[in-house]
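If you want the working numbering, it's the position in the sequence shown, counting the first as 1, plus 140. C-beta: ideal position from N, C-alpha, C; glycine also. As the structure is a prediction and not an experimental result, all values here were calculated from the model.
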Amino acid sequence: MRQPRSRGPGVTRWVGLLIGIPMMLLFFSSCATVPIRDEPGRGLAVWDLEDLSPGGSRLDIGELLSARVVVALKRRGDYTLVERTRLVRVLEELRIGSSSLVDEQTRLRVGKLAGARFMVFGGYMVIGGKMRLDLRLVEVETGKVRKAVQKTAVSNDMSGWMDAAEKAAAEL
141 MRQPRSRGPG VTRWVGLLIG IPMMLLFFSS CATVPIRDEP GRGLAVWDLE
191 DLSPGGSRLD IGELLSARVV VALKRRGDYT LVERTRLVRV LEELRIGSSS
241 LVDEQTRLRV GKLAGARFMV FGGYMVIGGK MRLDLRLVEV ETGKVRKAVQ
291 KTAVSNDMSG WMDAAEKAAA EL
């Protein structure tokens, strides 16, 4: 019987390089991280801002402030906003009451089911003559806070509150 002919060490080395180099490039390219701003079309949901003031009697203002945040984020154009009705529909399907939404993990789960990749949580507090507004951009998958922004306004200037919400959203 005839022995199979050996291709030699040179051919084997070339085959190894032809397979190895693309595999290394693929591996290292998957390790690279892209800044979150460079990802167009990211799904984002905005929850109503919580009144964290002592006594917390301004419940409807949180909805107004979050609406201003939505407008500012929409104007930027680098997020695909998840409609509020979609969040409500998911809540109804899961039969989750408003008392359960106090837990941020529950909100993240709802956001994920609604198609959001990111969520905006926040609150505002009035103490003395100042209103402080805090927003957090949270990654739904990991729960990591990607960015946090804080703004202040004069407590008796509702227009200033709206401007603070818009400026905070612009920085997310």
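Roughly how many angstroms lie between the CA atoms of residue 284 and residue 216, to the nearest whole one?
22 Å
Using the Cβ count rule (16 or more neighbours within 10 Å means buried), how would you classify residue 185?
The residue is buried, with at least 16 neighbouring Cβ atoms inside 10 Å.
What does DSSP give as the partner residues of residue 298 in its beta bridges?
Note: residue 298 sits in no beta bridge, so no partner.
Residue 194 to residue 245 span [Cα, whole Å]
One alpha carbon belongs to residue 194, the other to residue 245, and they sit about 24 Å apart.
Tell me whether residue 307 sits in a helix, a strand or coil according to DSSP, three-state version.
Looking at residue 307 - three-state DSSP - the assignment turns out to be helix.
In whole angstroms, what is the alpha-carbon distance linking residue 209 and residue 252?
Annotation: residue 209 to residue 252 spans about 20 Å, alpha carbon to alpha carbon.
Taking the straight line between their C-alpha atoms, what separation do you get for residue 262 and residue 311?
14 Å
Out of 309, 287, 212 and 207, state which residue places its alpha-carbon closest to the alpha-carbon of residue 277.
287
In whole angstroms, give me the CA-to-CA distance for residue 303 and residue 250.
29 Å
According to DSSP, is residue 222 part of a helix, a strand, or is it coil?
coil
Please confirm whether residue 293 and residue 301 have their CB atoms less than 8 Å apart.
yes
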